[in-house]
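Chemist:
In this note's numbering, the protein residues as written are -15 to 142.
(1) Specify the secondary structure class of residue 102 as computed by DSSP and reduced to three states.
(2) Does the pairing of the region -5 to 15 with the region 79 to 86 give three or more beta-carbon distances under 8 Å?
(3) Got a sec? Which residues, its chain only, sit under 6 Å from residue 104 by beta carbon, not counting five neighbours each side?
(4) Using 8 Å as the cut-off, can you tell me whether the region 34 to 41 makes contact with the region 5 to 23, which would need three or more C-beta pairs spanning the two stretches below that distance?
(5) Roughly how many angstroms separate the alpha carbons of residue 54 and residue 77, rounded to a whole number?
(6) DSSP on residue 52, reduced to helix/strand/coil?
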């Protein structure tokens, strides 16, 4: 078993990977409570109309993504394992609808042959209602649950 230190996303250690967003997430966290958890595993839905009708969508589109069309979806379920890492050509917004842990790394640490040393992964806890922008250079994947009840994360992308 690996002994991985868990930082908070508010700690300075998160700065290379992203930043905390000071936005009101109450309405989307409340709307997210209507989304059912899968029976097991996790699910990713890239766009959810009910999320995109909320006022926070305008903030995501205009203040975070500079007016470029965006989507709000979700990643929901049960996960306690790092089994992949990905990155995007743009930032990704994550809004915790439950407490959760993000496992992240830096794309610039990928070695020849598309190899990445998972010992370099760092863990950051988000509390319910907290929102972060993860930079395009941030490796990430499915959040990790902090309880047996699973995790919920709203995901915003271009």
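Don't be surprised by glycine CBs; every beta carbon is placed ideally from N, CA and C.
Modeler: Looking at the coordinates:
(1) Within the chain shown, residue 102 is the residue found at index 118, counting from 1. In this structure, residue 102 counts as helix in the three-state DSSP scheme.
(2) yes
(3) As a first step, residue 104 must be located in the chain shown, where it is residue number 120. These residues qualify, in order along the chain: 89 and 93.
(4) yes
(5) Residue mapping note: residue 54 aligns to position 70 of the chain shown, counting from 1. Residue mapping note: residue 77 aligns to position 93 of the chain shown, counting from 1. Rounded to whole angstroms, residue 54 to residue 77 spans 10 Å at the Cα level.
(6) What you label residue 52 is simply residue 68 of the chain shown in a count that begins at 1. Residue 52 falls in the coil class under three-state DSSP.
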